[in-house]
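Here the structure is laid out as structure tokens; the discussion comes afterwards.
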Amino acid sequence: MENTNKIKLLKLFEFLQHNSDEAHPVTAKNICKILNKYGILCDRRTLSKDIKTLNDFGYEVLSKMIGHEKAYYVEDRSFSVPEIKILIDAVQSAAFITNKKTEVLIDKIAALGGKHCAELLTNCDIRYNIKKHSNEQVYYNIDLLEKAMQSRKKASFRYFDFDENGEIEYRRNGQIYICEPMEMKLDDDNYYLISYDASEKKLKTYRIDKMKQVCVLDDDISNSASAMRSDVDSYTAQSFRMYEGESTTVTLVFDKQRMGAIYDKFGEDIKINKVSENKYIATVKIQESPPFWGWLFQFEGNITIIYPDDMIEKSNAKIKKLSEKMNSKQEKENA
Numbered sequence: 000m001e002n003t004n005k006i007k008l009l010k011l012f013e014f015l016q017h018n019s020d021e022a023h024p025v026t027a028k029n030i031c032k033i034l035n036k037y038g039i040l041c042d043r044r045t046l047s048k049d050i051k052t053l054n055d056f057g058y059e060v061l062s063k064m065i066g067h068e069k070a071y072y073v074e075d076r077s078f079s080v081p082e083i084k085i086l087i088d089a090v091q092s093a094a095f096i097t098n099k100k101t102e103v104l105i106d107k108i109a110a111l112g113g114k115h116c117a118e119l120l121t122n123c124d125i126r127y128n129i130k131k132h133s134n135e136q137v138y139y140n141i142d143l144l145e146k147a148m149q150s151r152k153k154a155s156f157r158y159f160d161f162d163e164n165g166e167i168e169y170r171r172n173g174q175i176y177i178c179e180p181m182e183m184k185l186d187d188d189n190y191y192l193i194s195y196d197a198s199e200k201k202l203k204t205y206r207i208d209k210m211k212q213v214c215v216l217d218d219d220i221s222n223s224a225s226a227m228r229s230d231v232d233s234y235t236a237q238s239f240r241m242y243e244g245e246s247t248t249v250t251l252v253f254d255k256q257r258m259g260a261i262y263d264k265f266g267e268d269i270k271i272n273k274v275s276e277n278k279y280i281a282t283v284k285i286q287e288s289p290p291f292w293g294w295l296f297q298f299e300g301n302i303t304i305i306y307p308d309d310m311i312e313k314s315n316a317k318i319k320k321l322s323e324k325m326n327s328k329q330e331k332e333n334a
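Those letters in the sequence shown? Residues 0 to 334, per numbering that gives the first Met the number 0, in order.
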């Protein structure tokens with residue numbers, strides 16, 4: 000009898016958690032009907048006692064009247080609808096999660112809010128125009144790399160790109176990469192591994208969706224890798240959205256209208272100094288690379304480098320080269 004009562008309470012709360020909320024309470028009559036289908040005897044009198052037992056043990060079941068009949072629902076869940084929506088949006092916008100796994104994961108996340116919430120969220124017609132990657136192994140790659148980091152072990156993998164026909168083309172002719180995993184980071188819709196490269200004695204970044212045959216090795220990470228852990232945060236702050244290049248420090252001058260762009264790129268903890276009515280400067284660390292120059296030149300001179308001299312010269316040289324290309328193109332079009 001005791002086991003039967005436990006199963007009854009379990010099934011009762013399970014049903015209410017999945018099928019009810021404040022907007023969709025379930026009448027006592029319908030609850031009894033559902034439990035009877037499970038072969039569990041229940042009537043309105045015993046149901047009221049069961050609901051009280053659940054509430055006494057901290058499982059909050061609320062009630063409201065529908066006409067002359069009492070109805071019950073579970074409202075308090077681990078995630079609210081806005082929180083679940085944020086998680087779903089994050090999955091939809093993540094390029095590294097394949098289309099197949101996106102649909103599966105969205106269904107699982109939506110179910111956290113109960114049946115009616117799941118129907119509302121998964122029936123939404125809005126979909127992000129994200130080009131999803133096709134590597135179905137990405138979940139397993141993440142799992143294995145996380146295990147390597149937790150156990151402080153080295154990892155191996157093969158790394159690939161796609162050729163002009165969309166076929167996999169392995170780098171280094173398919174040679175196995177050996178790395179010492181430090182951290183994984185989601186950035187710009189892709190998932191990356193930051194690892195220590197013993198041969199070059201520096202941190203390097205790899206796209207996890209471009210890995211195949213990931214393995215956790217028996218070898219422990221080196222003392223050199225362990226010593227680099229404190230540098231991971233500064234490395235990611237400099238490298239992501241700028242890609243790898245020579246690390247350097249530059250001072251930028253800009254107007255107030257570009258202050259938001261500076262904070263977006265370099266973080267809200269950088270120090271900005273006002274030097275005139277509408278001029279500000281900030282000294283930041285960058286990775287000198289094509290994406291950095293592309294970011295800088297999009298502002299058409301409203302953000303410029305004023306220190307150091309060698310970076311000013313490089314900036315002027317690149318601007319001159321771009322101008323010559325534009326003039327040459329214009330001359331050809333006018334010819």
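Glycine residues also receive a C-beta, built at the ideal position from the N, C-alpha and C atoms.
Every value quoted in this text rests on a predicted model; they were computed, and no experiment measured them.
Just tell me which of the options has its CA closest to the CA of residue i.
| i | options | result |
| --- | --- | --- |
| Met310 | Thr97, Lys331, Ser198 and Val283 | Val283 |
| Val215 | Met183, Cys178 and Asp186 | Cys178 |
| Asn140 | Pro81, Ser150 and Val213 | Val213 |
| Phe66 | Gly57, Asp308 and Val25 | Per the sequence shown, residue 66 should be read as Gly rather than Phe. Checking every option, the nearest Cα to that of Gly66 belongs to Val25. |
| Glu13 | Leu185, Gly173, Ser47 and Leu34 | Leu34 |
| Glu82 | Ala110, Ala154 and Gly57 | Ala110 |
| Ser150 | Val252, Tyr279 and Ser225 | Ser225 |
| Asp219 | Glu323, Met148, Ile302 and Lys200 | Met148 |
| Gln174 | Asp232, Phe159 and Gln256 | Phe159 |
| Leu185 | Asn172, Arg206, Glu168 and Lys200 | Arg206 |
| Lys264 | Glu245, Trp294 and Glu276 | Trp294 |
| Ala154 | Asp142, Phe161, Glu168 and Met325 | Asp142 |
Mind reading off the beta-carbon distance from residue i to residue j? Whole number of angstroms is fine, and I expect it under 8 angstroms.
| i | j | result |
| --- | --- | --- |
| Leu353 | Met181 | The requested residue 353 is not part of the displayed model; the chain covers only 0 to 334. |
| Ile269 | Thr235 | Not really, about 15 angstroms apart at Cβ, beyond 8 angstroms. |
| Thr204 | Tyr191 | 5 angstroms |
| Gln136 | Lys211 | 7 angstroms |
| Asn301 | Asp254 | 6 angstroms |
Mark residue i as exposed unless 16 or more other C-beta atoms lie within 10 angstroms of its C-beta, in which case mark it buried.
| i | result |
| --- | --- |
| Leu40 | exposed |
| Thr101 | buried |
| Leu144 | buried |
| Leu321 | exposed |
| Phe336 | It is not possible to answer for residue 336, since the shown part of the chain is limited to 0 through 334. |
| Ala93 | buried |
| Phe95 | buried |
| Asn315 | exposed |
| Asp208 | buried |
| Lys36 | exposed |
| Asn134 | buried |
| Val60 | buried |
| Ile105 | buried |
| Ile87 | buried |
Taking just the CA atoms, how far does residue j sit from residue i?
| i | j | result |
| --- | --- | --- |
| Tyr176 | Phe156 | 5 angstroms |
| Ser198 | Leu15 | 58 angstroms |
| Gly38 | Glu166 | 56 angstroms |
| Thr247 | Lys278 | 23 angstroms |
| Asp42 | Asn189 | 54 angstroms |
| Ile261 | Glu287 | 16 angstroms |
| Ser223 | Lys200 | 8 angstroms |
| Ile108 | Arg170 | 36 angstroms |
| Ala22 | Leu53 | 21 angstroms |
Apart from the five residues just before and just after residue i, which ones in its own chain have a Cβ nearer than 6 angstroms to its Cβ?
| i | result |
| --- | --- |
| Ser62 | Lys69 and Tyr71 |
| Tyr58 | Phe12 |
| Val273 | First, the residue type needs correcting, since residue 273 is Lys and not Val in the sequence shown. Closer than 6 angstroms at the Cβ level, and outside the excluded window around Lys273, lie Tyr279. |
Whose C-beta lies closer than 8 angstroms to the C-beta of residue i among residues of the same chain, with five residues either side of it excluded?
| i | result |
| --- | --- |
| Gly113 | Gln16, His17, Asn18, Ser19, Asp20, Val73 and Arg76 |
| Ile305 | Thr250, Leu251, Val252, Ile280 and Ile311 |
| Cys31 | Cys41, Asp42, Arg43 and Leu46 |
Starting from the C-beta of residue i, find all residues in its chain whose C-beta is less than 7 angstroms away, skip the five residues before and the five after it, and write them out in chain order.
| i | result |
| --- | --- |
| Asp49 | Lys7, Leu8 and Leu11 |
| Lys317 | Trp292 |
| Arg228 | Met181 |
| Ser221 | Glu179 and Ala197 |
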